[in-house]
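Residue 27 in the UniProt record's numbering sits at position 27 of the sequence shown, and the numbers go up by one each step. Ideal Cβ positions, reconstructed from N, Cα and C, are used throughout, including at glycine. If you're wondering where the values come from, they're calculated on a predicted model, not measured in any experiment. So the structure is just underneath, and the comments pick up after that.
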Amino acid sequence: MRRTALALPLLLAACGTLPQPFYGNPGPAGAKLAIPPAPVLMVPAPKTALLDGKSATAYAGDLSTALVNYDVPAVSGAGGKQSWRLGISANQAGDIVTPRYVITGPDGKEYGHQDGAPVPAQGWTSGDAQTLNNAASTDAAPLSKLLAAINAQIQQSNPESLENRPPRIFVGTVSGAPGDGNSTLPLNLKRNLPGADDVLAKDAKNADFTVTCTVKTKPDTGGQLQVELDWVVRDGNGRIAGQVTQIHDLAPADITPYWGDVAAAAAQEAAGGIQQVVSNAVLKKGQKPTS
């Protein structure tokens with residue numbers, strides 16, 4: 001087996017975090033949560049919000065779009081029996097309308113509620129597009145916090161949540177590598193990745209995170225090859241949690257036909273970066289939102 005020296009620079013790409021379905025402060029109802037929040041929150045067109053049918057549909061769309069901007073996967077529509085819903089109503093006092101929001105679970109129980117910011121009655125009841133859009137944008141931030149705490153509550157009480165067990169990582173495919181790199185790189189990563197804080201998953205279906213890698217090579221000076229390994233970490237919903245990139249100049253003979261110890265060194269270094277990406281993602285997931 002060749003003993004090729006390898007010093008691959010490691011770049012941890014800040015590719016975002018794990019967006020959570022629900023953010024916020026649940027109040028007393030949050031402690032009663034027994035059904036994990038679904039990955040999508042339905043926002044039905046309100047029937048008791050002092051809006052006509054067209055304006056009600058428009059506001060549900062505005063609010064779901066605004067929530068998506070806060071990493072809450074929300075969709076306007078009625079949903080099904082197993083859907084979590086954000087109900088909307090409104091009360092008028094003089095020339096002011098106050099929206100009211102209620103979070104309802106698939107069991108029909110209320111898990112949180114919140115009043116929105118006051119809105120000029122004339123603009124609201126007439127269905128003025130700018131007024132409705134402004135209201136949705138304003139209320140989305142506190143609603144995202146309300147939804148987050150509901151999610152945090154269930155995660156803390158769920159023994160299968162990542163707050164209560166090590167994350168399961170599935171090592172997926174490596175593609176684009178010359179020689180035997182597509183097989184030896186993942187094999188070596190499987191040897192280096194498990195630790196006190198991480199365990200390997202046998203398949204992607206049972207994994208919290210999946211790691212794949214794309215290898216790119218191009219000619220460089222002195223007959224060398226510039227080799228780039230991009231390890232991408234995705235969460236269980238397929239969203240990118242982070243990326244580890246390694247770049248180095250190698251002689252073609254170092255990786256063809258066999259990667260040998262080059263694969264071992266690359267996988268060992270990548271494992272540390274991947275573990276950090278997963279750790280950051282889990283930490284972010286468990287953090288309670290700030291006001």
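- Around alanine 135, the same chain offers Val119 as residues with beta carbons nearer than 6 Å, after the five sequence neighbours per side are excluded.
- Secondary-structure assignment with DSSP links arginine 85 through a beta bridge to Met42 and Thr104.
- As summarised for the region 218 to 261, the continuous beta strand (DSSP E) elements at least 3 residues long and confined to that stretch are 225 to 235 and 240 to 250, given in chain order.
- Asparagine 280 sits in a helix when the DSSP states are folded into three classes.
- Scanning Ser279, Ala152, Leu185 and Pro99 for the CA closest to the CA of phenylalanine 209 turns up Ser279.
- With respect to the C-alpha of alanine 141, the residue from Val199, Ser175 and Val72 having the closest C-alpha is Val72.
- Taking one beta carbon from each stretch, the region 249 to 268 and the region 170 to 184 have 3 or more pairs nearer than 8 Å; the two touch.
- Under DSSP, arginine 168 takes part in a beta bridge, and its partners are Val199.
- Using a 10 angstroms sphere on the CB of asparagine 69, the tally of other CB atoms stays under 16, which defines it as exposed.
- Proximity to aspartate 220 across Asp249, Leu187, Asn188 and Ala60 peaks at Asp249, based on C-alpha coordinates.
- Val277 is the residue among Ala49, Arg85 and Val277 whose C-alpha sits nearest the C-alpha of isoleucine 169.
- Setting aside the 5 residues that flank it on each side, valine 171 is surrounded in the same chain by Pro186, Leu189, Lys190 and Val211, each with a C-beta closer than 6 Å to its C-beta; the list follows chain order.
- Taking all protein chains in view, the Cβ of isoleucine 274 is crowded by 16 or more other Cβ atoms within 10 Å, so the residue is classified as buried.
- Pairing tryptophan 84 with threonine 57 gives a Cβ-Cβ distance that is not under 9 Å.
- DSSP places serine 126 outside both helix and strand once states are collapsed to three, so it counts as coil.
- Put simply, the region 90 to 103 touches the region 119 to 134. At least three CB pairs are less than 8 Å apart.
- When DSSP states are grouped into helix, strand and coil, proline 120 belongs to the strand group.
- Burial is judged here by how many other beta carbons sit within 10 angstroms of a residue's own beta carbon; arginine 234 has at least 16 and is buried.
- The C-alpha of aspartate 107 lies about 29 Å from the C-alpha of lysine 54.
- Distance between aspartate 52 and glutamate 110, taken at the CA atoms: about 25 Å.
- Straight through space, the alpha carbons of aspartate 197 and aspartate 230 are spaced by roughly 23 Å.
- Ala271 is the residue among Lys216, Val215 and Ala271 whose C-alpha sits nearest the C-alpha of valine 199.
- In this structure, proline 44 keeps its C-beta atom at 9 Å or more from the C-beta atom of glycine 80.
- Proline 194 is positioned such that its CB atom lies no closer than 9 Å to that of glycine 223.
- Boundaries of the beta strand (DSSP E) around tyrosine 111: 110 to 115.
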